[in-house]
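Per this note's numbering, the sequence shown starts with residue 902, numbered consecutively. Heads up, the beta-carbon is just placed ideally off N, CA and C, and yes, glycines get one too.
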Amino acid sequence: MGETVSLTTSDDKQISAYVARPGAAGKAGILVVQEILGVNSHIRSVSDRFAAEGYLTIAPAFFDRLKRGVEMGYETQDIMAGRDLALTLKPEQILADLKAGISWLRAAGCTKIGVVGFCFGGTVAWRAASQPHVDAAVCYYGGNIYGNRDLRPQVPTMLHFAEKDTFIPIEHAHALAAQYPELPIYTYPAEHGFHCDERSNYDAPSAKLAYARTLEFLAKHLG
């Protein structure tokens, strides 16, 4: 369903991106931000699902500037390697890659853009929401949102957390909800990565509910 395109970043790097196009032309776009495992089959599947909902969707390969073609599974060694790559990226590099994806969507005619991120991408989406780059943000179990909790969102933002997450204390979600009572912040009786149907942590009821909320939120704020 999708295709691969090349993006040029503001610091003159070339990175690839997976693009999924809707069946009919729309005016809203979605930028999907990967987990720490690269633009793998799950991220492509997520992008395809958003395209099926009518959004032009792009998933930049944030790790391309470090190692091209990163696509990993969910074994312990994959997670450790992905974590190392994510920690190597500098904030300014992440922002440059994010802006390259946004620019591609703008050039394609998208008048409104949402960012949806998972894990590593959840934190990236949170950071993006604090700057005037996108029109809405959805953050799935972003590991360092709490560490960046004072970056107040400037656009409508939704957060999803897992109550049994061994990486993100549920107390962090509760603290964010107290700090930002105006934001829709949801918790689910599931583990980290519950949205991904390719990992053992997948929780179908939680994933279905979170995705329905996400779609309703995006439709409201992107049209």
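Beta bridge counterpart(s) of residue i as assigned by DSSP
| i | result |
| --- | --- |
| cysteine 1040 | Gly1018, Leu1060 |
| alanine 1155 | With the chain covering 902 to 1124 only, the question about residue 1155 has no answer from this structure. |
| threonine 905 | Tyr919 |
| glutamate 936 | Gly939 |
| alanine 1125 | Any question about residue 1125 goes unanswered here, given that the chain covers just 902 to 1124. |
| glutamate 972 | Gly939 |
| proline 1082 | Answer is none; proline 1082 lacks a bridge partner. |
| leucine 957 | Gly930 |
| threonine 1088 | Phe1062 |
Environment of residue i [buried if 16+ CB atoms lie within 10 Å]
| i | result |
| --- | --- |
| aspartate 1036 | buried |
| glutamate 993 | exposed |
| serine 948 | buried |
| asparagine 941 | buried |
| glycine 924 | exposed |
| glutamine 1080 | exposed |
| glutamate 904 | exposed |
| leucine 1077 | buried |
| aspartate 1066 | buried |
Option in the options with minimal Cα separation from residue i
| i | options | result |
| --- | --- | --- |
| phenylalanine 1095 | Pro923, Arg922, Gly1043 | Gly1043 |
| glutamate 1117 | Ala918, Glu954, Gln935, Asp949 | Glu954 |
| serine 911 | Leu938, Glu936, Leu999 | Leu999 |
| valine 971 | Asn1045, Ile916, Ala1091 | Ile916 |
| glycine 1015 | His1093, Ala929, Thr1067, Ala1091 | Ala929 |
| tryptophan 1027 | Gly1010, Ala1009, Asn1049 | Asn1049 |
Residue i at chain D interface by Cβ criterion, 8 Å
| i | result |
| --- | --- |
| aspartate 913 | The chain inventory of the structure shown lacks chain D, comprising one protein chain alone. |
Rounded Cβ spacing between residue i and residue j (contact assumed at less than 8 Å)
| i | j | result |
| --- | --- | --- |
| glutamate 1064 | tyrosine 1103 | 15 Å between Cβ atoms; not a contact. |
| isoleucine 937 | glycine 983 | 3 Å |
Using 8 Å as the threshold, is the stretch 956-967 in touch with the stretch 1079-1091, meaning 3 or more CB pairs across them? no
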